[in-house]
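Chains as they are written, first to last, in the numbering used here: chain A, 1 to 134; chain B, 1 to 122.
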């Protein structure tokens, strides 16, 4: 979670950079094992930190502290957008349906509906449990 | 907050449209155009993520330099992923990434130092 008031410690800064580097390396290795060329490995490794920053950016609009106070529609919006960001990352890195636009759009939409829906259901469950514990 | 969401949305839509048009004029196929459009949207969200660190990073010169490098790297990564032709080869793409990131971060830092000096003068 990012706090706008508290400064980050040096350890937290290092951890953030190290985490991004590790994720980029893992993505590069995955693409390499998939037998893709150097350009694809380089480009898809660059996409990894972009994905991490995008998820942080999403939290900028939907702060974690307000998760329990958020309306159902806004919660659905957040989970759909979160699933969309993950869907873009997976679509470009894994490339499940090469050169088939219709298939890719369908895959992307289905991914957003299934993953976003599952996360939304989990979020609702957590929220109801949080309400019961109060 | 509503103003920020509106400006982020407007910026995102404009950048996505520009990227898609550029990709189309560049002769990319429909799947590539779709990927580039998605990347543009992801880049816009990533900028918001990076700006979350700005308040913390801009408190020290080292933090400022790091923030400017990260910002330049993010922009250059987007250029490499969505704009630069993949026929260039990995060596040239990596060189482009490093040189452009260094140049943009350098210009940004110089501008910031200049603005700070001018501010102190007045």
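For every residue, glycine included, the Cβ atom is placed at its ideal position computed from N, Cα and C.
* **Integer Cβ distance of residue 46 of chain B from residue 50 of chain A, believed to fall under 8 Å** => Indexing the second chain from 1 puts residue 46 of chain B at position 46. Indexing the first chain from 1 puts residue 50 of chain A at position 50. Going by Cβ atoms, the distance from residue 46 of chain B to residue 50 of chain A rounds to 5 Å, so yes, they are a contact pair.
* Secondary structure at residue 85 of chain B, three-state DSSP: helix, strand or coil? -> Working through the second chain from its first residue, we reach residue 85 of chain B at position 85. Coil, per DSSP.
* Following the continuous alpha helix (DSSP H) through residue 49 of chain A, name the residue where it begins and the one where it ends. => Reading the first chain from its first residue, position 49 is the one you call residue 49 of chain A. Segment 38–61, the alpha helix (DSSP H) holding residue 49 of chain A.
* Indicate whether at least one CB of chain B lies closer than 8 Å to the CB of residue 38 of chain A. => For the purposes of this step, residue 38 of chain A is taken as the residue at position 38 of the first chain. Yes - at least one Cβ of chain B is within 8 Å of the one on residue 38 of chain A.
* Unbroken alpha helix (DSSP H) run spanning residue 61 of chain B, endpoints -> Mapped onto the second chain, residue 61 of chain B falls at position 61. From DSSP, the alpha helix (DSSP H) with residue 61 of chain B extends over 61–78.
* To do: Kindly indicate which three-state DSSP category residue 95 of chain A falls into: helix, strand or coil?
  => One-based indexing of the first chain puts residue 95 of chain A at position 95. Assigned with DSSP and collapsed to three states, residue 95 of chain A falls in coil, not helix or strand.
* Asked: residue 116 of chain B lies in the alpha helix (DSSP H); which residues open and close that run?
  -> Taking the first residue of the second chain as 1, we reach residue 116 of chain B at position 116. Per DSSP, residue 116 of chain B belongs to the alpha helix (DSSP H) from 90–121.
* Asked: Anyone know if the C-beta pair for residue 54 of chain A and residue 42 of chain B falls short of 8 Å?
  -> Residue numbering aside, residue 54 of chain A sits at position 54 when the first chain is read from its first letter. Residue numbering aside, residue 42 of chain B sits at position 42 when the second chain is read from its first letter. Yes, these two residues count as a Cβ contact at 8 Å.
* In the DSSP assignment, find the unbroken alpha helix (DSSP H) run with residue 65 of chain A in it and report its ends. => In the first chain, residue 65 of chain A corresponds to position 65, counting from 1. Element bounds for residue 65 of chain A: n/a, residue is neither H nor E.
* Starting from the beta carbon of residue 100 of chain A, find every residue of chain B whose beta carbon is closer than 9 Å, and list them in chain order. => Taking the first residue of the first chain as position 1, residue 100 of chain A is located at position 100. In chain order: 31.
* Asked: Terminal residues of the continuous alpha helix (DSSP H) containing residue 51 of chain B?
  -> In the second chain, counting from the first residue as 1, residue 51 of chain B sits at position 51. Its alpha helix (DSSP H) spans residues 30–51.
* Asked: What residues in the stretch 45–56 of chain A bring their beta carbon closer than 9 Å to a beta carbon of chain B?
  -> Residues 46, 47, 49, 50, 51, 52, 53, 54, 55, 56.
* Verify the CB distance criterion: does residue 49 of chain B have a CB-CB separation below 8 Å to chain A? => Start at 1 with the first residue of the second chain, and residue 49 of chain B comes out as number 49. At least one chain A Cβ lies under 8 Å of residue 49 of chain B.
* State yes or no: is the C-beta of residue 31 of chain B within less than 8 Å of the C-beta of residue 104 of chain A? => As a first step, residue 31 of chain B must be located in the second chain, where it is residue number 31. As a first step, residue 104 of chain A must be located in the first chain, where it is residue number 104. Cβ distance < 8 Å, so residue 31 of chain B and residue 104 of chain A count as in contact.
* Asked: Relative to chain B, which residues along the stretch 53–83 of chain A have a C-beta separation below 9 Å, given in chain order?
  -> 53, 54, 55, 56, 57, 58, 59, 60, 61, 81
* With 16 as the cutoff for other CB atoms within 10 Å, does residue 74 of chain A come out buried or exposed? -> Numbered from 1 along the first chain, position 74 holds the residue referred to as residue 74 of chain A. So residue 74 of chain A counts as exposed.
* Asked: Taking only beta-carbon atoms, is residue 15 of chain A less than 8 Å away from chain B?
  -> Locating residue 15 of chain A in the first chain gives position 15, counting from the first residue. No, residue 15 of chain A lies away from the interface with chain B (no Cβ there is under 8 Å from its Cβ).
* **Member of B/83, B/6, B/58 whose CA lies at the smallest distance from the CA of residue 18 of chain B** => Start at 1 with the first residue of the second chain, and residue 18 of chain B comes out as number 18. Of the listed residues, the one whose Cα sits closest to residue 18 of chain B is B/83.
* Close Cβ partners of residue 81 of chain A (< 7 Å) along its chain, the five nearest in sequence each way excluded -> The residue given as residue 81 of chain A occupies position 81 in the first chain. The residues are 58.
* Asked: Should residue 92 of chain A be flagged as near chain B, meaning a C-beta pair shorter than 8 Å?
  -> As a position in the first chain, residue 92 of chain A is number 92, starting the count at 1. Yes, contact with chain B.
* Asked: Looking at residue 52 of chain A and residue 20 of chain A, is the spacing between their C-beta atoms short of 8 Å?
  -> As a working note, residue 20 of chain A is residue 20 in the first chain. As a working note, residue 52 of chain A is residue 52 in the first chain. It is a contact, given that the beta carbons lie within the stated cut-off.
* Which of the three DSSP states, helix, strand or coil, is assigned to residue 11 of chain A? -> For the purposes of this step, residue 11 of chain A is taken as the residue at position 11 of the first chain. Correct three-state label for residue 11 of chain A: helix.
* C-alpha gap between residue 10 of chain B and residue 25 of chain A, whole angstroms -> Taking the first residue of the second chain as position 1, residue 10 of chain B is located at position 10. Taking the first residue of the first chain as position 1, residue 25 of chain A is located at position 25. If you draw a straight line from the Cα of residue 10 of chain B to the Cα of residue 25 of chain A, it is about 33 Å long.
* Asked: Which residue's Cα is closest to the Cα of residue 90 of chain A: A/120, A/12, A/45, A/119?
  -> Looking up residue 90 of chain A in the first chain gives position 90. For residue 90 of chain A, the nearest C-alpha among the options comes from A/45.
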